[in-house]
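**Q** Residues in the sequence shown are numbered consecutively from 4, following our numbering.
For every residue, glycine included, the Cβ atom is placed at its ideal position computed from N, Cα and C.
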Amino acid sequence: MATTSAQTTFILYGIKNCDTVKKARRWLEENGVECQFHDYRVEGLDDALLQNLISKQGWEAMLNTRGTTWRKLDETTRTACDNEASAKAVMLEHPAVIKRPFLLAPDGQSLLGFKPESYQQFLAQVK
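1. Please look up how many angstroms separate the CB atoms of Pro98 and Arg44, rounded, as I've assumed it's under 8 Å.
2. Can you check whether the C-beta of Asp77 is within less than 8 Å of a C-beta belonging to chain E?
3. Less than 8 Å between C-beta atoms, sequence neighbours within five positions excluded: which residues of the same chain meet that for Lys26?
4. Can you tell me whether DSSP reads Gln128 as helix, strand or coil?
5. Does the segment 73–90 touch the segment 102–119, meaning 3 or more C-beta pairs lie closer than 8 Å?
6. Report yes if the CB atom of Leu15 is closer than 8 Å to the CB atom of Leu48, and no otherwise.
7. Run through DSSP, which three-state label would Tyr16 get?
8. Should Phe40 and Ala108 be called a contact, given that it needs their Cβ atoms to be closer than 8 Å?
What follows is the structure in structure tokens.
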């Protein structure tokens with residue numbers, strides 16, 4: 004993502020019905036942070052976008068192995084997720100298995116997950 008002075012909007016990636024995503028969206032709004040929301044279950048998630056997210060955080064961090072979607076996958080699929088390529092294929096096929104939310108700053112910096120104190124610190128660093 005190119006950095007320009009006109010580009011001031013953060014992008015929050017996630018799924019709209021996720022409670023943690025809802026908390027993050029509410030926090031950003033309450034703190035006056037201009038943010039575009041990308042629901043990758045509705046709007047999709049292409050290979051290039053996912054690769055960009057993985058390159059910023061690592062595939063291990065992006066793969067939510069604690070969620071319902073992960074637990075519903077068959078054992079063979081879960082066991083095969085032992086490298087970036089296989090994990091990425093599962094994330095593309097089952098976007099709900101991606102850890103969320105994922106906040107992308109206009110300058111390309113990113114933050115995975117949501118904790119108010121982490122968001123506060125992150126915003127102080129990127130602004």
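**A** In short, the structure shows the following:
1. 5 Å
2. No chain E appears in the structure shown, which is made up of a single protein chain.
3. Phe117
4. helix
5. no
6. no
7. strand
8. no
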